[in-house]
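Residue numbers (our numbering): 39 to 594.
Below you can see the structure in the form of structure tokens.
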């Protein structure tokens, strides 16, 4: 029988799956549930040591025998601090050392309770990673607890190895040992050699056997995309490859991911993969992330050079330390000359349908029409695109034929214009910054800069508010939504441009837009150029929803 504490049982199950066979346990009541579980596991041998400082070095000695991971479990309070000397030594010896501390719930810290201090980061300078487990109450918190334990143990194993700290808050009652079995927890496997040819080949063979293989390429530096075209030729003929224009430097039509996922609402099951390889960084599409969270049971491999766990779809099974090129090359070689899957054909038909819809759709004057006309006019121009976040980049992903730079690391609206100014000052081609009004006015000091260059072009989409907020279901019910949340305003960029020697143009309709875009794309201007396009926010939302959904009912 095991403790009736979900976080303790998740931790115990994963310790066993990760191959922990030795645990040093120290006395205490708060950690009794953990000690009980460790003792119940036939796979783990427990060693009782009273003094925590000595116990730490005892555990260090065990880890030196065969370089296998060793756990040490202590109670709450200063007991944890006593392990610090051994943790520091393990750090510099690169020993696989798991420090498990029991703790009171966060609400009880600094409340004059016994044996309490701020434990989660108490050993931060002496461990590779410290995690603080939740006490799960639902499926998402259970996933989070599982992920945190996996993150810690992956950090312990990475490279030559090192110590980690897992803090476990435990609410009372402390001594209920009524769970009949440990849960079958997901272990996220680390493949850590960079690059490991044999590991890549094994993964490629499994990928080749999959019936519904899918490759996802998140935001990627354009210089990393230069050499992947050849392996991609094999892959796109066999598997579903999804990417946004943050990960595609080939001049071609966008993939229309958002539109495809709206099209298959209600029949997603037919389009879910059974094997996912995720490379690169973030995707803009929240809908894509939610869709792939439904791919339960799919083998999901997260690929990056650092071996970091980014469980975007909440179903990761493997972490592979590798590069985009090495991974795609291995997969491409494995499936070369192999017949396309029916799954790929299904997605291909879907993509064709959505491309056709985009090509046939003629939007009324709105921000969607503005961005579409802008990309139509820049198709033959040698240029670079810097996009601001929120609605600007989403419209860009619908219309863009080229790679988009955008600050998606944190996704903030600040600094987008400044980033474009910095980029433009050191390249020869035109640099277009497409930006919404809130992002522009927040970063207007980007134009108060002695380094402005005449190749900078700014397309300012001004509908008098943060347009992204109109797409959030339920927000319209708040009387604060327009003035205080969407930050409605009546500001214009004209004065800012005049103060900073930026040529200013404005457009309020389709005819003025054409003239303004002609001026914006003219490469012969001696100063930076800004085109401010004024649109109605309600019309912007109507046109966008009409394009995305058409006759389909919007699903919130």
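Ideal Cβ positions, reconstructed from N, Cα and C, are used throughout, including at glycine.
Keep in mind the model is a prediction, meaning the values are calculated, not measured.
Determine which residues share a DSSP beta bridge with residue i and list them.
| i | result |
| --- | --- |
| residue 499 | 474, 571 |
| residue 141 | 207 |
| residue 338 | 314 |
| residue 482 | Looking at the DSSP assignment, residue 482 forms no beta bridge with any residue, so it has no partner. |
| residue 109 | 61, 136 |
| residue 217 | 40 |
Grab the span of the beta strand (DSSP E) containing residue i for me, first residue to last.
| i | result |
| --- | --- |
| residue 192 | Here residue 192 belongs to no beta strand (DSSP E); instead the alpha helix (DSSP H) covers 177-195. |
| residue 171 | Segment: none, residue 171 is in no beta strand (DSSP E) and carries neither H nor E. |
| residue 278 | 278-281 |
| residue 541 | 541-545 |
| residue 60 | 60-63 |
| residue 424 | 421-425 |
| residue 358 | 356-359 |
| residue 443 | 442-444 |
| residue 229 | 227-229 |
Which first and last residues belong to the alpha helix (DSSP H) in which residue i is found?
| i | result |
| --- | --- |
| residue 78 | 70-78 |
| residue 536 | 532-537 |
| residue 267 | 267-273 |
| residue 251 | Counting along the chain, residue 251 falls outside any alpha helix (DSSP H), though it belongs to the beta strand (DSSP E) covering 251-255. |
| residue 380 | 380-398 |
| residue 329 | 324-330 |
| residue 462 | 454-462 |
| residue 85 | Not the alpha helix (DSSP H): residue 85 falls in the beta strand (DSSP E), residues 83-86. |
From this set, the options, which residue's C-alpha is nearest residue i's C-alpha?
| i | options | result |
| --- | --- | --- |
| residue 300 | 340, 389, 492, 284 | 389 |
| residue 213 | 425, 221, 71 | 71 |
| residue 146 | 198, 210, 171, 192 | 210 |
| residue 330 | 254, 572, 288, 394 | 254 |
| residue 196 | 441, 166, 182 | 166 |
| residue 96 | 110, 363, 58, 470 | 110 |
| residue 396 | 87, 229, 293, 173 | 293 |
| residue 424 | 398, 270, 467 | 467 |
| residue 264 | 551, 542, 286 | 286 |
| residue 492 | 449, 558, 383 | 558 |
| residue 174 | 268, 57, 119, 208 | 208 |
| residue 384 | 369, 402, 308 | 308 |
| residue 411 | 394, 553, 39, 258 | 553 |
| residue 24 | 546, 106, 202, 483 | Examination of residue 24 is not possible in this model, given that the chain is present from 39 through 594 alone. |
| residue 473 | 240, 271, 570 | 570 |
| residue 54 | 78, 44, 39 | 78 |
| residue 500 | 575, 228, 221, 306 | 575 |
Beta carbon of residue i: closer than 7 Å to some heavy atom of the ligand COA?
| i | result |
| --- | --- |
| residue 143 | Looking for the ligand COA in the displayed structure turns up nothing, as the structure carries no ligands at all. |
Which same chain residues end up closer than 7 Å to residue i when comparing Cβ atoms and leaving out the 5 residues on each side of it in sequence?
| i | result |
| --- | --- |
| residue 413 | 437, 438, 439 |
| residue 35 | Absent from the structure is residue 35, since the part of the chain shown begins at 39 and ends at 594. |
| residue 325 | 296, 299 |
| residue 445 | 427, 453, 454, 457 |
| residue 123 | 91, 94 |
| residue 261 | none |
Within its chain, find whatever has a CB closer than 8 Å to the CB of residue i; leave out the 5 residues flanking it on each side and keep chain order.
| i | result |
| --- | --- |
| residue 522 | Below a pLDDT of 50, predicted positions are generally treated as unreliable, and residue 522, at 46, falls in that range; the measurement from the model is reported next regardless. Excluding sequence neighbours, residue 522 sits near nothing in its chain. |
| residue 351 | 314, 316, 327, 330, 331, 333, 338 |
| residue 447 | 319, 320 |
| residue 347 | 185, 188, 189, 192, 226, 340, 354, 357 |
Between residue i and residue j, what straight-line distance do the alpha-carbon atoms span, to the nearest angstrom?
| i | j | result |
| --- | --- | --- |
| residue 312 | residue 249 | 7 Å |
| residue 481 | residue 489 | 15 Å |
| residue 80 | residue 50 | 12 Å |
| residue 133 | residue 337 | 30 Å |
| residue 565 | residue 540 | 6 Å |
| residue 159 | residue 99 | 25 Å |
| residue 408 | residue 169 | 47 Å |
| residue 121 | residue 464 | 52 Å |
| residue 127 | residue 88 | 20 Å |
| residue 584 | residue 392 | 14 Å |
| residue 115 | residue 224 | 31 Å |
| residue 62 | residue 136 | 10 Å |
| residue 532 | residue 304 | 47 Å |
Quick one: what's got a C-beta closer than 6 Å to residue i's C-beta in the same chain, skipping five residues either side?
| i | result |
| --- | --- |
| residue 281 | 255 |
| residue 216 | 42 |
| residue 276 | 373, 376, 378 |
| residue 251 | 245, 277, 313 |
| residue 113 | 66, 68, 69, 140 |
For residue i and chain D, any beta-carbon pair shorter than 8 Å?
| i | result |
| --- | --- |
| residue 383 | Protein chains in the displayed structure number just one, and chain D is not present. |
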